[in-house]
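Participant:
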Amino acid sequence: MQGYNGKRLRIDLTGGKVTVEEISKEHLRKWLGGRGLNSELLYRETEPELDPFSPENRLIFGVGPLTGTFAPSSGRCTVTSKSPAQDPAGFGDANMGGHWGAELKYAGYDQLVIQGKADSPVYLYINNGRVEIRDAEHLWGKNIPETDTLIKNELQNHELHIALIGLAGENLVRYACIINDVYRAAGRCGMGAVMGSKNLKAIALRGTNPVEIARPREFFEICSRARKKMRQDAMVQMLNDQGTLLLTTPANHDQGWFCWKNFQKGHHPDADLLNGENHRDRFLAHREGCFACSIACGRFSRISKGEYAGEITGGPEYETVTAMGPRIGLLDPASVIHNNRLVNELGMDSCSCGGAISWAMECYEKGLLTKEETNGLTLRWGDQELIDKLVRMIASREGFGDILAEGAHHAAKKLDCGHEYTMSIKGHTMSQDDPRGLGFAFGIGFATGRRGGDHLQGLACLELTGAFYPGLVEKTLGDKAAEKPLSKVKKPEMEKYQEDLKAVGDCLTQCSFTHSWSFAVLPEHMAAMLSAATGMNFSPEELLQIGGRIVHLERAYWNRLLVGRLEDKNPRRFTEEPMPDGPNKGSLFPEAELIPLYYQVRGWDPETGFPTADVLNEYGLPDIADELEPYRIKYLEYV
Numbered sequence: 021m022q023g024y025n026g027k028r029l030r031i032d033l034t035g036g037k038v039t040v041e042e043i044s045k046e047h048l049r050k051w052l053g054g055r056g057l058n059s060e061l062l063y064r065e066t067e068p069e070l071d072p073f074s075p076e077n078r079l080i081f082g083v084g085p086l087t088g089t090f091a092p093s094s095g096r097c098t099v100t101s102k103s104p105a106q107d108p109a110g111f112g113d114a115n116m117g118g119h120w121g122a123e124l125k126y127a128g129y130d131q132l133v134i135q136g137k138a139d140s141p142v143y144l145y146i147n148n149g150r151v152e153i154r155d156a157e158h159l160w161g162k163n164i165p166e167t168d169t170l171i172k173n174e175l176q177n178h179e180l181h182i183a184l185i186g187l188a189g190e191n192l193v194r195y196a197c198i199i200n201d202v203y204r205a206a207g208r209c210g211m212g213a214v215m216g217s218k219n220l221k222a223i224a225l226r227g228t229n230p231v232e233i234a235r236p237r238e239f240f241e242i243c244s245r246a247r248k249k250m251r252q253d254a255m256v257q258m259l260n261d262q263g264t265l266l267l268t269t270p271a272n273h274d275q276g277w278f279c280w281k282n283f284q285k286g287h288h289p290d291a292d293l294l295n296g297e298n299h300r301d302r303f304l305a306h307r308e309g310c311f312a313c314s315i316a317c318g319r320f321s322r323i324s325k326g327e328y329a330g331e332i333t334g335g336p337e338y339e340t341v342t343a344m345g346p347r348i349g350l351l352d353p354a355s356v357i358h359n360n361r362l363v364n365e366l367g368m369d370s371c372s373c374g375g376a377i378s379w380a381m382e383c384y385e386k387g388l389l390t391k392e393e394t395n396g397l398t399l400r401w402g403d404q405e406l407i408d409k410l411v412r413m414i415a416s417r418e419g420f421g422d423i424l425a426e427g428a429h430h431a432a433k434k435l436d437c438g439h440e441y442t443m444s445i446k447g448h449t450m451s452q453d454d455p456r457g458l459g460f461a462f463g464i465g466f467a468t469g470r471r472g473g474d475h476l477q478g479l480a481c482l483e484l485t486g487a488f489y490p491g492l493v494e495k496t497l498g499d500k501a502a503e504k505p506l507s508k509v510k511k512p513e514m515e516k517y518q519e520d521l522k523a524v525g526d527c528l529t530q531c532s533f534t535h536s537w538s539f540a541v542l543p544e545h546m547a548a549m550l551s552a553a554t555g556m557n558f559s560p561e562e563l564l565q566i567g568g569r570i571v572h573l574e575r576a577y578w579n580r581l582l583v584g585r586l587e588d589k590n591p592r593r594f595t596e597e598p599m600p601d602g603p604n605k606g607s608l609f610p611e612a613e614l615i616p617l618y619y620q621v622r623g624w625d626p627e628t629g630f631p632t633a634d635v636l637n638e639y640g641l642p643d644i645a646d647e648l649e650p651y652r653i654k655y656l657e658y659v
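Quick note, the sequence shown lines up with residues 21 to 659 if you use our numbering.
1. With a Cβ-Cβ cutoff of 7 Å, do Pro-92 and Thr-628 count as a contact?
2. Keeping to the same chain, check which residues put their C-beta closer than 8 Å to that of Lys-325; ignore five residues upstream and five downstream.
3. Should Asn-282 be labelled buried (16 or more other beta-carbon atoms within 10 Å of its own) or exposed?
4. Please tell me whether Leu-79 and Lys-102 are closer than 7 Å, where the distance is taken between their beta carbons.
5. Specify, as a first and last residue, the run of the beta strand (DSSP E) that Leu-48 falls within.
6. Count Cβ pairs between the segment 555–570 and the segment 509–520 that sit closer than 8 Å; are there 3 or more?
7. Roughly how many whole angstroms lie between the Cα atoms of Leu-62 and Arg-55?
8. I'd like the list of long-range same chain contacts for Tyr-651, defined as Cβ closer than 6 Å, with 5 residues on each side in sequence excluded.
9. Can you name the start and end residues of the alpha helix (DSSP H) that Lys-281 belongs to?
10. Between Lys-137 and Thr-66, how many whole angstroms is the CB-CB distance? I'm expecting something under 8 Å.
11. Name the two residues that bound the continuous beta strand (DSSP E) containing Tyr-129.
12. Inspect the CB distances between the segment 468–484 and the segment 493–509 and report whether three or more fall short of 8 Å.
13. From Ala-109, Glu-613, Val-38 and Phe-240, pick the residue whose C-alpha is nearest to that of Phe-460; which is it?
14. Mind checking Tyr-658: buried by the 16 CB within 10 Å criterion, or exposed?
15. Where does the unbroken alpha helix (DSSP H) through Ala-523 begin, and where does it stop?
16. Assuming Thr-120 and Asn-58 make a contact with CB atoms under 8 Å, what is their CB distance in whole Å?
17. Does the distance from the CB of Gly-286 to the CB of Gly-606 come in under 7 Å?
18. I'd like the span of the alpha helix (DSSP H) that includes Met-368, first residue to last.
19. Can you say whether Gly-23 is buried or exposed, counting buried as having 16 or more other CB atoms within 10 angstroms of its CB?
20. Contact between the segment 432–446 and the segment 258–276: three or more CB pairs below 8 Å?
21. Inspect the CB distances between the segment 240–259 and the segment 158–176 and report whether three or more fall short of 8 Å.
22. I'd like to know whether the C-beta atoms of Gly-117 and Gly-367 end up nearer to each other than 7 Å.
23. Hey, quick one: how far does the alpha helix (DSSP H) through His-535 stretch, first residue to last?
24. Who are His-181's beta bridge partners in DSSP?
25. With three or more beta-carbon pairs closer than 8 Å as the criterion, would you say the segment 346–362 touches the segment 180–199?
26. With distances taken between CB atoms, is the gap from Ser-536 to Leu-479 smaller than 7 Å?
27. For the segment 195–214 against the segment 457–476, do three or more pairs of beta-carbon atoms, one drawn from each stretch, fall closer than 8 Å, so that the two count as touching?
28. Indicate whether Val-202 and Asp-168 have their beta-carbon atoms separated by less than 7 Å.
29. If the criterion is Cβ atoms closer than 7 Å, does the pair Ala-645 and Leu-636 meet it?
30. Give me, in chain order, the residues of the same chain whose beta-carbon lies closer than 7 Å to that of Phe-303; leave out the 5 immediate sequence neighbours on both sides.
31. Would you identify the three-state DSSP class for Ile-153, choosing helix, strand or coil?
32. Relative to the alpha-carbon of Ile-164, which residue among Pro-600, Leu-397 and Val-363 has its alpha-carbon at the smallest distance?
33. Give me whichever residues DSSP pairs with Gly-318 in a beta bridge.
34. Measure from the alpha carbon of Leu-170 to the alpha carbon of each residue in Tyr-129, Lys-221, Ala-127 and Ala-205, then state which is nearest.
35. Starting from Leu-57, trace the alpha helix (DSSP H) both ways and give me its first and last residue.
36. Going by DSSP, what residue range makes up the alpha helix (DSSP H) through Asn-272?
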């Protein structure tokens, strides 16, 4: 399979053993790469009862057949492990941009598997076929930028790309993330905490091997056409101009899913302080793109006035701005940019950090938490001095920060209060997205998603940005009415299509903004690129079939944990509390109606929410069907 090396580098930190494994062409065809390869390996090599902080847990980095090539926005990397952020600890992955993924490919590997645990802090140095496990005692306790600089100086190589953890990962904050290139995060599901549990501080990469392309001239022409199409695309142009902060104004004024004070409201009159135009005009230092990027949505910010004058940082993007701003009652843009810098340098998922703080603030507001539980802290919405202090306390697990480091769901369990305000699904804190305004396909994805409360694996942008592409929604789903976010029409079908498409993109390591936010790159373009790159012919239908196979496998991972229909629930606020204000005042997410329809579309058993044996066989997973049967029977006892 030209254009795809098919090599897995496996490192056991317990014994220091390094092995290189070949990945067969048949296996590559079935799972493609990136997320597909990672999810399959995690399913096979981690038992349901495994503790995520056990040395036996796997930390898997995966890239795909287009990584490191001319394919537009194809430099991403998926990180997969059993997640400590969820309850029970289930399937977890995170996706990061930057240049680290392409460097792994140039080093000659499609997958890096870390297992075991080092006796003391270490970091990995991988230079093509050379692999070293090096002492990191002197790096333990350092933040992200400091560590990046120290390793480059130590190895006398400033062309390295480094993925690493900060204090949060070292201290096993359940939602610690992995950062590469200083500002690019594998943010969700606590991948940084798993890395910290293995005493692994960083992975420094240098690769110089070429990526072979089967039909180079054809591949170049296909990619060139795709890049030209993207340059002309209205959504791509808006992303370049304002980044993901372009969402702030429509989220607040047009659709009403602004997450003010832990989703208590969906609208605020001053929300435009945090929109893309204000950031561009007041704080934007320059734009940045990841490897092979055709968009450059990345922001690099500089604060020139006020308390934080002189601070510079990568970002922020929409989810971080809203998590570390309005979700905790804060609208001052300079303070939000400072908070973005802080969570990045400490190595924390901003969604879960903001979720934990907002949970505590709402509990304090409602009298469920007092100064006795908070170690004397007064929790006030929008108190920036307090927020700054809490973020640092969380990363260090100091005082009340130790409780919040568990995440909102686990903190509520520990203190036995405020369960309804955790705004989490399967224990995982929600991203800053409210289906009462954002859209009903998104709501289906939140409830049933393989990562818990998250928008990125079921990025249903056909209902968010589909209207920018006349005829696309009707062509894809057969009904133009599905464009409307709060229409129920074809929303289960929409979510299935977008989940399968997103899985394919994550296998090819193409940015979501090429195919699932903008729709400049469609499945037929992805199939053409992949076919020319590998020399094997793929149809759009086969790619979506592979995407569906990955979704079913990840669902089966949860089913082995006896998680199914009863756990497919959004936070009660979205289904029982009508939106109190804004353009969609009074709306609720119709969960009881739409989830059973989604099961029907997916081929999942309506009683358990498990994939049926028929659908698993259809997707080439007969062994999974056999393995799930005893779990299905056991789950029926709960139902």
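Just so it is clear, CB atoms sit at the ideal spot from N, CA and C, and this is done for glycine as well.
Facilitator: Once the coordinates are examined:
1. no
2. Ala-354
3. buried
4. no
5. Taken as a continuous stretch (DSSP letters only), Leu-48 belongs to no beta strand (DSSP E), being part of the alpha helix (DSSP H) at 45–51.
6. yes
7. 10 Å
8. Asn-579 and Arg-580
9. 280–283
10. At roughly 15 Å, the Cβ-Cβ gap does not stay under 8 Å, so Lys-137 and Thr-66 are not in contact.
11. No beta strand (DSSP E) holds Tyr-129; DSSP gives it neither H nor E.
12. yes
13. Glu-613
14. exposed
15. 511–528
16. A small correction: the amino acid at residue 120 is Trp; Thr does not occupy that position in the sequence shown. The pair is not a contact, with the Cβ atoms about 15 Å apart (cut-off 8 Å).
17. no
18. It is not in any alpha helix (DSSP H) - Met-368 carries neither H nor E in the DSSP assignment.
19. Low confidence applies here, because Gly-23 scores a pLDDT of 47, under 50, leaving its location unreliable; read the following figure in that light. With 16 or more Cβ atoms within 10 Å of its Cβ, Gly-23 is classed as buried.
20. no
21. no
22. no
23. It is not in any alpha helix (DSSP H) - His-535 carries neither H nor E in the DSSP assignment.
24. Leu-225
25. no
26. yes
27. yes
28. yes
29. yes
30. Ser-321, Arg-322, Ile-323, Pro-353 and Ile-357
31. strand
32. Val-363
33. Glu-308
34. Lys-221
35. 54–65
36. Taken as a continuous stretch (DSSP letters only), Asn-272 belongs to no alpha helix (DSSP H), as it is neither H nor E.
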